[in-house]
Amino acid sequence: MRGFLFFILMSLIWACESEHAVETSVDTDLIRAIRNASNDGTLEHFVLPSAEDFHAIPQESRNPLNAAKVRLGNMLFFETGIGRDARYESGTQTYSCGSCHLPSAGFKPGSMQGIADGGVGIGINGEGRLQNPEYHESELDVQGIRPLSVLNVAFVPNTLWNGQFGGTHENEELEHVFGQTIPETELNHMGMMGLETQNIEGLRLHRMIINEDVVSELGYKELFDEAFPDFEANERYSDVTGSFAISAYLRTLVADKAPFQEWLKGDYSAMSESEKRGALVFFEQGNCAACHSEKNLGSNRFFALGVNDMDMQPSYNRNPNDKKNFGRGGFTGNAEDFYKFKVPQLYNVGDNPFFFHGSSKQSLEDVIDYFNDALPENPRVPERQIASQFKPLQLSDRQKADLKAFLDNGLRDPNLDRYLPTEILSGNCFPNNDFRSRQEIGCK
C-alpha cells in the first residue's frame, strides 16, 4: 500500500514538473538576456495583460473600457451592414473592418493589400480577396501601404506606419502640422490617443456609415445605450461613438496565449529549445529588442531600413509619389524623418506571408536575411537616412533558423478566433458579405 501511495505521489510530482519544465541553462541565459533588454530590468515588462483585465490595458481617458463597449465594438468591427457608402450597389454592405484585419492572418490582410469596398472573395485566409469587376482600379478602397496588425494595438499611442494619428506622445509638439501636411490629421486637435482618432477618420475613409437611422435599422440602439449612457441622445449614435466602441474592442486584442507569454509566466515547457535559442538571438546577438522594446515587441519609434515601397511591385493603384512612401516625414515635414517607419509589433507575425510597409518581403526567412545582410534595397532612400542600428548581424544558419522558430511559433497566439463575435445583428455574413465570399465562407 505504501509503495502504491509513493508511486501516486511521484507521478503527481512528475506531472507537475512536466507541465512547468525545470529551468535549463538556455532558460537561465534567456532570463538574463531579457532582463538586460527590459526597460525596467524585469521579465514582467514584456508580459501582456489578459483581454479581461481592463485596468491593465492602456486606454484613452475619454474612452474608458467597459464590457458593454467592448461587446458592441466587437460586432461593429465585423459588421458588414455599416458598409453603406460603397461606390456601387454591388459593394453595399459587403465589407467590414475585418475585411482587412482577419484574425486568421494575425489581424492583417491575408493578401498583399487589403481591399474593403470594391473587393470580392476571401479564400481560406484572406489571400483570395480580389477586385470586383464592376469597379475600376481607382475606385477600390485600397491603400498604397500594407495595413498594420491591430493585435496588441493598445500599446501603440500614435497609429499607422508614420504615427500620424493621435495628439499625444510623439505628436505632442506637432500641433502646427495637424491638418496641414495631411488633412485627416486635423482630428489630432481633439487631443486623444491615436486609436480613437484614427477610427473616427477610418469609418469615413472606408465608406462606412454609423448614425441613428443605421443603428436603429440594424438593431444596435440598445447596445449603444448600454455602452454610452453618458452621451446625450442626439450624440450617442454616431461615427464618434462607433469609433470609441471599435477602439475599445481593439484594445482588448492581446496575444497573451502565445508560448513566449506562457514562458515569461514560468512555464518553461511552453517553448521548444529551438524557440528559446531564437529568443536568445532576438534579445542578444540579433539585438532586435533594441528597437522592438515595448510590451508588444514593437515601439513608438521610427527608422529607415531602405525596404521597397508598395508601388515597386505589382499592386493596385501604384503611385511612386504617394505621400505614404515618405513615412514619418510625410506627416511631420521634417527632412530627418523622411523614409522612417514605425517599429511594428511582432506577435503572430508569421500568420501571413507579407512583411514591411510595402509587402516587399514574402517570407520570414527573407526578412531575417534582410536584417542579417543589412543591404538597403530602395534606391529612393538616401544612405544618410538609413538607421545606424541597421548593420550586418553575422548570424549563423542555425541562429537564423532558431530566430525564425521564435518569431513564427514562440510569438504565435494559437487561438485568435476567440476574438470573433458569435453574431452580428444585421444577420449578414462576415467579415465579407459579397457573393463570392459567402460561397467561400459557406454562409448564406
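In my numbering, the protein residues as written are 169 to 612. Glycine included, each C-beta is placed from N, C-alpha and C at the ideal position. Small disclaimer: the values here were computed from a predicted structure and weren't measured.
Taking Cβ positions only, does residue i come closer than 8 angstroms to chain D?
i           : result
residue 394 : Chain labels in this structure do not include chain D; a single protein chain is all it has.
Check each candidate in the options and name the one with the smallest Cα separation from residue i.
i           : options            : result
residue 380 : 525, 399, 403      : 403
residue 310 : 524, 414, 353, 375 : 375
residue 525 : 536, 240, 509      : 509
residue 469 : 451, 475, 459      : 459
residue 532 : 501, 491, 550, 579 : 579
residue 450 : 571, 538, 562, 417 : 571
residue 590 : 384, 541, 244      : 244
residue 565 : 434, 222, 541      : 541
residue 192 : 557, 444, 347, 316 : 444
residue 608 : 249, 291, 238      : 291
residue 464 : 515, 317, 306      : 515
residue 395 : 220, 409, 553, 492 : 409
residue 337 : 361, 556, 583, 373 : 361
residue 559 : 335, 250, 473, 530 : 473
residue 517 : 555, 548, 426, 479 : 426
residue 340 : 551, 428, 358      : 358
residue 556 : 606, 492, 548, 471 : 471
residue 442 : 428, 434, 513      : 428
residue 202 : 494, 549, 454      : 454
Are there 16 or more other CB atoms within 10 angstroms of the CB of residue i, so buried, or fewer, so exposed?
i           : result
residue 390 : exposed
residue 297 : buried
residue 603 : exposed
residue 371 : buried
residue 462 : buried
residue 288 : buried
residue 400 : exposed
residue 502 : exposed
residue 597 : buried
residue 314 : buried
residue 262 : buried
residue 231 : buried
residue 612 : exposed
residue 504 : exposed
Quick check: what's the CA-CA separation for residue i versus residue j?
i           : j           : result
residue 601 : residue 198 : 46 angstroms
residue 477 : residue 528 : 7 angstroms
residue 614 : residue 212 : Outside the displayed span of the chain (169 to 612) sits residue 614, for which this structure offers no information.
residue 569 : residue 488 : 35 angstroms
residue 594 : residue 259 : 16 angstroms
residue 456 : residue 254 : 42 angstroms
residue 266 : residue 275 : 8 angstroms
residue 210 : residue 204 : 8 angstroms
residue 224 : residue 319 : 16 angstroms
residue 407 : residue 322 : 20 angstroms
residue 181 : residue 439 : Confidence in residue 181 is poor, its pLDDT being 44 and thus under 50, which makes the residue's placement unreliable; the coordinate value appears in the next sentence. Computed Cα separation, rounded: 21 angstroms.
residue 187 : residue 437 : Since pLDDT at residue 187 reaches only 47, below the 50 mark, its modelled position is unreliable, and no value is offered.
residue 483 : residue 280 : 8 angstroms
residue 220 : residue 237 : 13 angstroms
residue 511 : residue 481 : 22 angstroms
residue 312 : residue 347 : 20 angstroms
residue 299 : residue 250 : 20 angstroms
residue 257 : residue 366 : 27 angstroms
residue 584 : residue 306 : 33 angstroms
residue 178 : residue 217 : For residue 178, the predicted structure reports a pLDDT of 47, less than 50, and the residue's modelled location is therefore unreliable. A value from the coordinates is still provided. Their Cα atoms are separated by approximately 34 angstroms.
residue 616 : residue 222 : No information on residue 616 is available, as it lies outside the stretch 169 to 612 that the chain covers here.
residue 302 : residue 273 : 27 angstroms
Give the DSSP-derived three-state secondary structure of residue i in the structure shown.
i           : result
residue 549 : coil
residue 346 : strand
residue 249 : helix
residue 532 : helix
residue 244 : helix
residue 396 : coil
residue 491 : helix
residue 336 : coil
residue 180 : Because the pLDDT of residue 180 is 46, which lies under 50, any placement of that residue in the model is unreliable, and the number read from its coordinates should be weighed accordingly. If DSSP states are grouped into helix, strand and coil, residue 180 belongs with the helices.
residue 590 : coil
residue 270 : strand
residue 508 : strand
residue 463 : coil
residue 276 : strand
residue 602 : coil
residue 427 : helix
residue 538 : helix
residue 175 : Reliability fails at residue 175, whose pLDDT of 46 lies under 50, so the model's placement of it is uncertain and no value is given.
residue 486 : coil
For residue i, which beta-bridge partners are listed by DSSP?
i           : result
residue 299 : 287
residue 365 : Answer is none; residue 365 lacks a bridge partner.
residue 470 : 510
residue 523 : 529
residue 327 : 333
residue 572 : Beta-bridge pairing links residue 572 to no other residue.
residue 559 : Residue 559 is not bridged to any residue.
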